[in-house]
Amino acid sequence: MRTMTTNPDLRRRICFGVLAILSLGLLSIVDNNAYTFARAHAPALEWIGRYRVTSLATCLGLYLSTGPARSYQFPVRNAQWRVVALIAGFWFIPDLLMLYVARVPVPVLRSTPDLTAFLLTGLLAEELLFRGAIYQLAERTLPCTFVSVGVRLPLWPIVASALFFSLAHLQYYGFAITVPALAQLSYTLIMGLMWGPLRFLTSSIWPAIAFHLITNAIALPRIIGG
246 MRTMTTNPDL RRRICFGVLA ILSLGLLSIV DNNAYTFARA HAPALEWIGR
296 YRVTSLATCL GLYLSTGPAR SYQFPVRNAQ WRVVALIAGF WFIPDLLMLY
346 VARVPVPVLR STPDLTAFLL TGLLAEELLF RGAIYQLAER TLPCTFVSVG
396 VRLPLWPIVA SALFFSLAHL QYYGFAITVP ALAQLSYTLI MGLMWGPLRF
446 LTSSIWPAIA FHLITNAIAL PRIIGG
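The working numbering puts the first residue of the sequence shown at 246, with every later residue one more than the last.
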């Protein structure tokens, strides 16, 4: 009897495509279902869904299952810090101007769980999913590069992780196409395109996590004070 074999490249493409599509609503689906189940069967565990712990655990599992052996490694010694500093300048200065001069729309945080997700659990889940699992799968599935500021960078890992990171924010608006939602999509697309190279330049996910945390912290006075 002949056995069917699967092309490893095809298998990787399928995994990438499935995860990319799922990522558009994965965080909300996991957390909402965990909260609903806990409320019905174990009310003491409702906080797991409310504080986005379930989506964080899910994204951590996806990151570890698709990633390198040293998934938690800090930036390598020969990381290209000058380029990282350049990205920081190109991101944080315009970010401050967009938030406090142009006053682009900011998320509405209605509760302590929302604030926790914004500064910790949701932030980590997004990075593990987009600059983590999706970036890694795209890197192996779509090996194409381009040169920017004198550095050869992986094209599709950066573009794909940024695009799906941006589109995934529609889930927080109930997938309704509104002006605030479109503003958030534009903002997060630029954000993703700026942060994607950090993964390559440092061989670590930690710089992207740090940039995400600083960005959200910068927006916090607007969110709290209006």
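From the three backbone atoms N, C-alpha and C, an ideal C-beta is built for every residue, glycine too.
All values derive from a computational prediction rather than experimental measurement.
Between residue i and residue j, what straight-line distance do the alpha-carbon atoms span, to the nearest angstrom?
i      : j      : result
LEU224 : ALA287 : The question about residue 224 has no answer, for the chain in this structure spans 246 to 471.
ALA279 : ALA302 : 12 angstroms
LEU400 : LEU427 : 24 angstroms
TYR380 : THR281 : 31 angstroms
TYR317 : ASN323 : 17 angstroms
LEU344 : ALA464 : 7 angstroms
THR390 : ARG397 : 6 angstroms
ALA283 : THR299 : 11 angstroms
PRO425 : VAL349 : 9 angstroms
PRO358 : GLY270 : 19 angstroms
GLY419 : VAL328 : 37 angstroms
THR311 : SER406 : 14 angstroms
GLY395 : GLN325 : 11 angstroms
GLY334 : LEU360 : 26 angstroms
SER356 : LEU382 : 35 angstroms
PHE363 : PHE410 : 15 angstroms
THR423 : LEU408 : 18 angstroms
SER448 : PRO313 : 10 angstroms
ILE338 : ALA285 : 47 angstroms
VAL404 : GLY470 : 34 angstroms
GLY306 : ILE266 : 17 angstroms
Kindly give me the distance between the Cβ atoms of residue i and residue j, rounded to whole angstroms, as I take these residues to be in contact under 8 angstroms.
i      : j      : result
PRO402 : GLY441 : 7 angstroms
ALA370 : ARG258 : The Cβ separation is near 24 angstroms, so there is no contact.
ALA453 : ARG376 : 4 angstroms
LEU415 : LEU434 : The Cβ separation is near 12 angstroms, so there is no contact.
ILE332 : LEU255 : Wrong, their Cβ atoms sit about 34 angstroms apart, outside the cutoff.
Cutting at 7 angstroms between CB atoms, please list the residues of its own chain near residue i, excluding the five before and the five after it.
i      : result
LEU368 : HIS457, LEU458 and ASN461
ILE450 : GLU372, ARG376, GLY377 and ARG444
So, for residue i: in the same chain, excluding its five sequence neighbours on each side, which residues have a beta-carbon less than 6 angstroms away from its beta-carbon?
i      : result
ILE468 : VAL351 and LEU354
SER273 : GLN416
Name the residue from the options whose alpha carbon lies nearest to the alpha carbon of residue i.
i      : options                           : result
LEU412 : GLY437, GLY395 and VAL392         : GLY437
SER393 : MET439, LEU373 and PHE363         : MET439
ALA347 : TYR432, PHE409 and LEU364         : TYR432
TYR308 : PHE337, PHE410, SER273 and LEU374 : LEU374
THR366 : CYS304, GLY470 and ILE266         : CYS304
Apart from the five residues on each side of it in sequence, which residues of its chain come closer than 8 angstroms, Cβ to Cβ, to residue i?
i      : result
ASN277 : GLY294
Answer yes or no: the CB of residue i versus the heavy atoms of the ligand SAM, is any distance below 8 angstroms?
i      : result
ALA289 : Judged by which ligands are present, the structure shown has none, so any question about the ligand SAM falls away.
At least 3 beta-carbon pairs within less than 8 angstroms: the segment 255-267 vs the segment 377-395: yes
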